[in-house]
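Participant:
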Amino acid sequence: MNASKPLWEFVDISNAYPGVLANDSVCIKLLARSIHGLLGENGCGKSTMIKTLSGVKQPDGGQILKDGQPVQIPSPQAARAMGIATVFQEFSIVPTLSVGENIFLGNMPRSSLGVVDWKRVHSDAAAVLAEMEVDISTEAITGQLSVGEQQLVEIAKAVAMRASMIVLDEPTAALGEDEIERLHQLLRTMRSKGTGILYVSHRLDEVERIVDEVTILRNGRVVRASGETKINVREIVTAMVGEDIGEHYPKERNAADEVVLEAQGIATSAGVNDVSFELRRGEVLGLGGVLGSGRTEIARALFGTDGLTAGRVVLNGRPAAFRGEMDAIRAGLALVPENRKFDGLFFNFRASGNITAASLGKLTRFGLLDLKREEQATQGLIDDLDISAQAEEKTVNFLSGGNQQKTVIARWLFSSAEILILDEPTQGIDIGAKIAVYNLINELTRDGKSIILISSDHDELLAMSDRIAVVQQGTIRRIADAAELNHDDLVRASAETGRNREQGEVLA
Amino acid sequence: MKRIFDAQLIGPFAALVIVSLVVALTTERFLNPGNLSNLSLQVSIVALIAIGSTIVIFAAGIDLSSGSMVALLTMIFALMLKFVGVPLVLAVPLILVAGAFLGLLLGLITAYGRIPSFITTLAALIAFRGLALTFNNGSPIFSLDPALEPLFYGKFVGIPLPFFYLVFFYGLAAFTMNFTKLGREIYAVGGNPAAAVLTGINVRKVQAITFVIAGFMTAVGAVLMSARLNSGSPNYGQTLELQAIAAAVVGGASLAGGRGNILATLMGAMTIVIVQNGLNLNAAPSSVQNIVLGLIILLAVGIDMWRTEISALVARVSGRKPEAEAAAGKKAG
Ligand SMILES: Nc1ncnc2c1ncn2[C@@H]1O[C@H](COP(=O)(O)OP(=O)(O)OP(=O)(O)O)[C@@H](O)[C@H]1O
Ligand SMILES: [Mg+2]
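Chains as they are written, first to last, in my numbering: chain A, 1363 to 1870; chain B, 10 to 342.
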């Protein structure tokens, strides 16, 4: 099927950062009409490779061939002009601009007078979104959309460039099952029209579904490059990690009968509507549902970020009135936010400062920080979570995306919170780190802490929760034991919401 | 110790050394003991006020009010000493409290009134000087107290007292920023306020506290200014706020907040004062001094912003790839 000549060839590409060789003689051939997976653990050099082929970073060594001819990609503009469109791991949208403006940022359609043709900006943008089967208004302010929707806008930007090569760095990390399926459909369509696609993801199930060939990196080197043989997840994992890992989901059941948190008919102006549930000591309560179904909003309501307009939260048998996050944290709640870049990390701190930020009180005596204890405690967590050794040498903006996510989670492991709300905790982290997070969830529940787990990865949600609440349009439609639910139940719930949404559109 | 004397000091220190060398080589009288001791006196007021300005900048704010606040506080100080008859030992702490109080006011308006600090302190810059002019019909007040001047000109074991003030306050500030919860929270608020909220840090309170510190340090500067000139005047401290901010910036503090080392501000202040001193000794007019000060600020920020480009250029010129080699060496080892 892919007997064609390679569109792009990257030969012996090396990239160094101070102290790390992020890419070490990496060779990748990219074909037209093919989806190429670039895989590997956090920090193995995937994003660095992508920066090279999208003109953001000049390689320190190696050669780039386009249609067999040596070329250079001196800038992102040059990459675009040569037909490479990239969706970066870190968002590059402008939050204050509309969706339409973002999609055409940098190449706005102009009228004959040379001014921006706003009608066409919005109609063309709407056409791209329709092609992707995405239901977002082009007039909406991008920063006000959910993280998943922002990710879709980011992808739309690349689609709108009509490039011959599309590069996607973890495009599905923030997407729900439903959106992932639609994105895959779109990629398949683009592939059949001749586009080449380079795809990075830590969700190996989807890799298996969509990818034609893979290149696997470890410590900056290619350890495996499959031609057109069929790929299987187990082999990939073994190649990535360098050893065979056994159980994917090491679930422990630690739920007691005692209720620690109870939501009684809570509602907020952000769309949470009559939500009631109980959370028991040592329990993992999963919140399932699609993007925009209101899971994050429920988390915000519990955490005091959005004020309650009805109902109440009962904590350890006593009503709790949180006027803000500070009250919630003092009462023993913790929230690991979904958007780590904006709400989670202190980019001016190294890992230790990030990990201890929520528990400075614990390290303080008479206003003085115990820096020795801080160092020891964070070193322990860095080892446990297998966070990059660089984490303590530099500020966290130099860490790979996955290591950043682990750092944010480590913060709440260090705190003395009793109830943790984890919003997409394994988004963008590699399989080894995911298992580390699952083990930590077990450790926490064994200690009698309770967890509310929000995840768009249905397999993970089903495996790691004790009970699951299916959320739809800001309310809980059903709560059941995880054992009684299966993948289809969650997907069906999602599909129904999708239909409801469409009906809503028609009525409006 | 490792934490206080970190890599962020290298650049500002190098700048200070280079500037000192250049001035020493081009100016005869620069190394005279008299001039050096005069220099330390000159730098002290700006450098003390710059502690507050820098801490406000660490929390991603800006304080434009300090120059005018100095004028206002010297006037209140002079009135207390000369017309109300408050004894000096009482007047000094009262002024320090007054400075902290004015800082608190600005901090509350900024943090809880959600008005950007640029605006709050710009308003204060204008209003405080106006307020200073309402006292004593807008005229300076002279000859305050014979015991006042020694506060500035006095010596201990042959070293001017302002040297000890600098050591004390910079020591305290460096300690606070590096070893206390408050210091960590200030950096956190400046680094990412949204994340700080979600980690339970009282962002508004921390912001307000930085202005209290700034007000207090401004008051210290005001007392020394009065002592130096044995007077109070509504015209004192003009552009002092800009010099203090320049010291922070030349010292490498990021105006976006969250990054910088307080000791580097002292080096920044010294760099600026030495340049001014060099120009003075060479009889350059004050217009030239201002132009040079402007260029120094641009250069300091530019070097910071273009750091990666500069190191790439150095690598290319020297025909090597130090980064790649270092990495390869590390891998092998
Ligand atoms: N700007 C930078 N400065 C210094 N080191 C960097 C920089 N960017 C990345 N690195 C380092 O280079 C290595 C590769 O990082 P890269 O971002 O390519 O990893 P990745 O494979 O994309 O990981 P992830 O799956 O977590 O996104 C890591 O060790 C990282 O710490
Ligand atoms: Mg990456």
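For every residue, glycine included, the Cβ atom is placed at its ideal position computed from N, Cα and C.
Between A:F1639, A:I1797 and A:I1559, which has its C-alpha nearest G1399 (chain A)'s C-alpha?
Facilitator: Position 37 of the first sequence, counting from 1, holds the residue named residue 1399 (chain A). It is A:I1559 whose Cα lies nearest to the Cα of G1399 (chain A).
Participant: Tell me whether W1480 (chain A) sits in a helix, a strand or coil according to DSSP, three-state version.
Facilitator: Here the question's residue 1480 (chain A) lines up with position 118 in the first sequence. Helix at W1480 (chain A).
Participant: Spatial neighbours of P1438 (chain A) within its chain, please: C-beta separation below 7 Å, excluding the five flanking residues on both sides.
Facilitator: Along the first sequence, one-based indexing puts residue 1438 (chain A) at 76. Closer than 7 Å at the Cβ level, and outside the excluded window around P1438 (chain A), lie S1416, G1417 and V1418.
Participant: Sorted by chain position, which residues of the same chain lie with C-beta nearer than 7 Å to I1803 (chain A)'s C-beta, five sequence neighbours on each side aside?
Facilitator: As a working mapping, residue 1803 (chain A) is identified with position 441 in the first sequence. The answer, listed in chain order, is V1646, I1813 and M1826.
Participant: Shorter than 9 Å from the beta carbon of A1772 (chain A) to some beta carbon of chain B?
Facilitator: In the first sequence, the residue the question calls residue 1772 (chain A) occupies position 410. With 9 Å as the cut-off, A1772 (chain A) does not count as an interface residue toward chain B.
Participant: Taking CB distances under 9 Å as the criterion, tell me whether E1687 (chain A) reaches chain B.
Facilitator: If you number the first sequence from 1, residue 1687 (chain A) lands on position 325. Interface residue, yes.
Participant: Determine whether the beta carbon atoms of S152 (chain B) and S235 (chain B) lie at a separation below 9 Å.
Facilitator: For the purposes of this step, residue 152 (chain B) is identified with residue 143 of the second sequence, where counting begins at 1. For the purposes of this step, residue 235 (chain B) is identified with residue 226 of the second sequence, where counting begins at 1. Not in contact: S152 (chain B) and S235 (chain B) (Cβ atoms no closer than 9 Å).
Participant: Quick one: what's H1398 (chain A) bridged to in DSSP?
Facilitator: Locating residue 1398 (chain A) in the first sequence gives position 36, where the first residue counts as 1. A:L1560 and A:E1575.
Participant: Can you determine whether any heavy atom of ligand 1 sits closer than 8 Å to the C-beta of M314 (chain B), and answer yes or no?
Facilitator: Here residue 314 (chain B) is taken as the residue at index 305 of the second sequence, counted from 1. Answer for M314 (chain B): no, Cβ out of range of ligand 1.
Participant: Counting only the same chain and skipping the five closest in sequence on each side, list residues whose C-beta sits under 8 Å from that of I305 (chain B).
Facilitator: Here residue 305 (chain B) refers to the residue found at position 296 when the second sequence is read from its first residue. Once the five neighbours on either side are set aside, the close Cβ partners of I305 (chain B) are A255, V259, T280, I281 and V284.
Participant: Can you list, in chain order, the residues of its chain whose CB lies under 6 Å from that of Y245 (chain B), leaving out five sequence neighbours each side?
Facilitator: Translated into the one-based positions of the second sequence, residue 245 (chain B) becomes position 236. Excluding sequence neighbours, Y245 (chain B) sits near V79, A80, T83 and M234.
Participant: Does DSSP classify T1859 (chain A) as helix, strand or coil?
Facilitator: On the first sequence, residue 1859 (chain A) is found 497 positions in, with the first residue counted as 1. Caution applies to T1859 (chain A), whose pLDDT of 49 falls short of 50 and renders its modelled position unreliable; the value that the coordinates give is listed next. In this structure, T1859 (chain A) counts as helix in the three-state DSSP scheme.
Participant: Relative to the C-alpha of E301 (chain B), which candidate in B:I312, B:V55 and B:N286 has its C-alpha closest?
Facilitator: Here residue 301 (chain B) refers to the residue found at position 292 of the second sequence. Going by the sequence as given, residue 301 (chain B) is Val instead of Glu. For V301 (chain B), the nearest C-alpha among the options comes from B:N286.
Participant: For chain B, find out if any of its Cβ atoms is closer than 9 Å to the Cβ of F1760 (chain A); answer yes or no.
Facilitator: Taking the first residue of the first sequence as position 1, residue 1760 (chain A) is located at position 398. No, F1760 (chain A) lies away from the interface with chain B (no Cβ there is under 9 Å from its Cβ).
Participant: Closer than 7 Å by C-beta to G342 (chain B): which residues in its own chain qualify, once you throw out the five before and the five after it? Chain order, please.
Facilitator: For the purposes of this step, residue 342 (chain B) is identified with residue 333 of the second sequence, where counting begins at 1. Confidence at G342 (chain B) is low in this model, with a pLDDT of 29, below 50, so the placement of that residue is unreliable and no value is reported for it.
Participant: Please determine whether the Cβ atom of E1403 (chain A) lies at a distance below 8 Å from any heavy atom of ligand 1.
Facilitator: Within the first sequence, numbered from 1, the residue matching residue 1403 (chain A) stands at position 41. E1403 (chain A): yes, Cβ under 8 Å from ligand 1.
Participant: Using only alpha-carbon positions, find the residue among B:Q51, B:L175 and B:V93 that is nearest to N61 (chain B).
Facilitator: Locating residue 61 (chain B) in the second sequence gives position 52, counting from the first residue. Checking the sequence shown, residue 61 (chain B) turns out to be Gly, not Asn. Considering only alpha carbons, the answer is B:L175.
Participant: Should I1503 (chain A) be flagged as near chain B, meaning a C-beta pair shorter than 9 Å?
Facilitator: By 1-based counting over the first sequence, the position of residue 1503 (chain A) is 141. Not an interface residue.
Participant: By DSSP, does M1527 (chain A) sit in helix, in strand, or in coil?
Facilitator: Locating residue 1527 (chain A) in the first sequence gives position 165, where the first residue counts as 1. Strand at M1527 (chain A).
Participant: Since N1616 (chain A) and G1644 (chain A) should fall inside the 8 Å C-beta cutoff, what is the C-beta to C-beta distance between them, to a whole number of angstroms?
Facilitator: Start at 1 with the first residue of the first sequence, and residue 1616 (chain A) comes out as number 254. Start at 1 with the first residue of the first sequence, and residue 1644 (chain A) comes out as number 282. That belief holds up - the Cβ atoms of N1616 (chain A) and G1644 (chain A) are roughly 4 Å apart, short of 8 Å.
Participant: Quick one: is the Cβ of G1794 (chain A) within less than 8 Å of any heavy atom of ligand 2?
Facilitator: The residue given as residue 1794 (chain A) occupies position 432 in the first sequence. Answer for G1794 (chain A): no, Cβ out of range of ligand 2.
Participant: Can you find at least 3 beta carbon pairs, one from the stretch 1670 to 1685 of chain A and one from the stretch 182 to 200 of chain B, that sit closer than 8 Å?
Facilitator: Output reads no: the stretch 182 to 200 of chain B does not touch the stretch 1670 to 1685 of chain A.
Participant: Across the stretch 177 to 191 of chain B and the stretch 1683 to 1696 of chain A, are there enough close Cβ pairs to call them in contact, namely three or more that are closer than 8 Å?
Facilitator: No contact exists between the stretch 177 to 191 of chain B and the stretch 1683 to 1696 of chain A.
Participant: Determine the closest residue to V1461 (chain A) out of A:R1773, A:I1498, A:E1737 and A:Q1425, with distance taken between C-alpha atoms.
Facilitator: As a first step, residue 1461 (chain A) must be located in the first sequence, where it is residue number 99. When only C-alpha atoms are compared, the closest one is A:I1498.
Participant: In whole angstroms, what separates the C-alpha of N1364 (chain A) from that of G269 (chain B)?
Facilitator: For the purposes of this step, residue 1364 (chain A) is taken as the residue at position 2 of the first sequence. For the purposes of this step, residue 269 (chain B) is taken as the residue at position 260 of the second sequence. Because the pLDDT of N1364 (chain A) is 45, which lies under 50, any placement of that residue in the model is unreliable, and the number read from its coordinates should be weighed accordingly. Rounded to whole angstroms, N1364 (chain A) to G269 (chain B) spans 54 Å at the Cα level.
Participant: Once you ignore the five residues that flank D1574 (chain A) on each side, which residues in its own chain have a CB closer than 6 Å to its CB?
Facilitator: On the first sequence, position 212 is the one that residue 1574 (chain A) refers to. Closer than 6 Å at Cβ, skipping near neighbours: S1396 and I1397.
Participant: At 3 residues or longer, what runs of the beta strand (DSSP E) sit wholly inside the stretch 1651 to 1691 of chain A?
Facilitator: Qualifying beta strand (DSSP E) stretches, in chain order: 1670 to 1677 and 1680 to 1682.
Participant: Between A262 (chain B) and the rest of its own chain, which residues show a CB-CB distance below 6 Å, the 5 nearest in sequence each way excluded?
Facilitator: Here residue 262 (chain B) refers to the residue found at position 253 when the second sequence is read from its first residue. Closer than 6 Å at the Cβ level, and outside the excluded window around A262 (chain B), lie T63, I66 and G269.
Participant: Hey, is A1909 (chain A)'s beta-carbon within less than 9 Å of any beta-carbon in chain B?
Facilitator: The displayed coordinates of chain A run from 1363 to 1870. Any statement about residue 1909 (chain A) would go beyond what the structure contains.
Participant: At what residues does the alpha helix (DSSP H) containing L1806 (chain A) begin and finish?
Facilitator: The residue you call residue 1806 (chain A) lines up with position 444 of the first sequence. It spans I1793 to R1808 - the alpha helix (DSSP H) in which L1806 (chain A) sits, taken as one unbroken run.
Participant: Within 10 Å of its beta-carbon, does E37 (chain B) have 16 or more other beta-carbons around it, so buried, or fewer, so exposed?
Facilitator: Along the second sequence, read from residue 1 onward, the residue named residue 37 (chain B) stands at position 28. Under this definition E37 (chain B) is an exposed residue.
Participant: Compare the beta carbon distance of D1633 (chain A) and E1659 (chain A) with 9 Å and say whether it is the shorter of the two.
Facilitator: For the purposes of this step, residue 1633 (chain A) is taken as the residue at position 271 of the first sequence. For the purposes of this step, residue 1659 (chain A) is taken as the residue at position 297 of the first sequence. According to the sequence as given, residue 1633 (chain A) is Gly; it is not Asp. Yes.
Participant: Is the stretch 207 to 227 of chain B touching the stretch 1733 to 1747 of chain A in the sense that three or more CB pairs, one from each, lie closer than 8 Å?
Facilitator: no
Participant: For Y1881 (chain A), verify whether its CB is less than 8 Å away from any heavy atom of ligand 1.
Facilitator: Here chain A comprises residues numbered 1363 to 1870, so residue 1881 (chain A) is not present and cannot be evaluated.
Participant: Relative to the alpha-carbon of L140 (chain B), which residue among B:L114, B:A120 and B:P243 has its alpha-carbon at the smallest distance?
Facilitator: Numbered from 1 along the second sequence, position 131 holds the residue referred to as residue 140 (chain B). Checked all of B:L114, B:A120 and B:P243; the closest Cα to L140 (chain B) is B:P243.
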